[in-house]
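Numbering (the numbering used here), first residue to last: 52 to 402.
Don't be surprised by glycine CBs; every beta carbon is placed ideally from N, CA and C.
This is the structure in structure tokens:
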């Protein structure tokens, strides 16, 4: 292991909930769920990579020891994430499954509204909202009164694995979805989806089977380059406090791609930029009217990111908040079309 490698630059520690206050000086914490063999294999891979040109303090908290019961484990995970979040330490959790997302949501304060993104070949919802199966994590999040879900987005779902009832139900809630085909058409459309999300989940099952050498997943899916770019978007998300990479499979190929995804999450986190909306010189502003609806688009000269705001003085029940969007959304507006993304986000902002 070279002196410039990842393993020489990260502080290694074992998880001790009582001592978490001691790590408030760190920017990012990694911890693992699952088989200790997976943890050691992943560590060897990530530690062998070169440390980036990062001005970050990183800590590896090691593997989480499962409790005597599922409820004990859930409580322990929530306590760790709650403390890290309150300390302002970005959490990158490796392992577990997407069915744990509702557990992560509960680590936030009870009055916090949460945006959740899941990169997953499944939509995570049953044919009916009350169908409570282990894989229906989105259903549980919606039904849980202790979770205040602002919006949910799925990236990379496969249409042939999700029937029309599930797709219709997700659309009914005005949640944004980006199918694998749409992702392949323009992967940069993912960035506005992740930009303001508090929790971002990446299921390894969304990858093509040959990327991880695992025949039980689909031959159609996200490739290795796309996985790393999406991981960078995850790290760059300005509001994200918890990112997860889960459904790890026992293969060298999986350990390799996950280690690179971890590297790119950190690289994205290091390059986070918060646009200053008080500095009007930082933005180019465009006003568009479509069928009586006034839209104000903003483009940052520095980050190159786009936002849109719905302007209507007659409606006071719309939350005054900019909606992350893309240049494609702006181009559609120039043709007199309000994109599905903007329509859904606007509907979700009505109180």
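The stretch 310-321 makes contact with the stretch 98-113: 3 or more CB pairs, one atom from each, lie closer than 8 angstroms. Setting aside the 5 residues that flank it on each side, residue 92 is surrounded in the same chain by 306, each with a C-beta closer than 7 angstroms to its C-beta; the list follows chain order.
Of all C-beta pairs linking the stretch 244-258 to the stretch 166-178, three or more are shorter than 8 angstroms, placing the two stretches in contact. Around the beta-carbon of residue 217, 16 or more other beta-carbon atoms lie within 10 Å, marking it buried. Check the Cα spacing between residue 373 and each of 356, 303, 379: the tightest is with 356. Excluding sequence positions up to five before and after residue 304, its CB lies within less than 7 angstroms of the CB of 262, 263, 264, all in the same chain and listed in chain order.
Exposed is the label assigned to residue 118, since fewer than 16 other Cβ atoms lie within 10 Å of its Cβ. In terms of CA proximity to residue 231, 210 leads the group 215, 248, 210. Residue 350 is not a Cβ neighbour of residue 360, given a cutoff of 8 angstroms.
Looking at the backbone, the Cα of residue 270 and that of residue 259 are separated by about 5 angstroms. DSSP places residue 291 in the coil class of the three-state scheme, outside both helix and strand. Less than 8 angstroms divides the Cβ of residue 61 from the Cβ of residue 111. Excluding sequence positions up to five before and after residue 135, its CB lies within less than 7 angstroms of the CB of 71, 80, 142, all in the same chain and listed in chain order.
Taking a cut-off of 8 angstroms for Cβ pairs, the stretch 321-330 and the stretch 272-292 touch, as three or more such pairs fall below it. Close CB contacts of residue 250 within its chain, under the 6 angstroms cut and outside five residues either way in sequence, are with 155, 167, 293 (chain order). Listed in chain order, the non-local C-beta contacts of residue 56 below 8 angstroms within the same chain comprise 98, 99, 100, 101, 102, local neighbours out to five positions each way being set aside.
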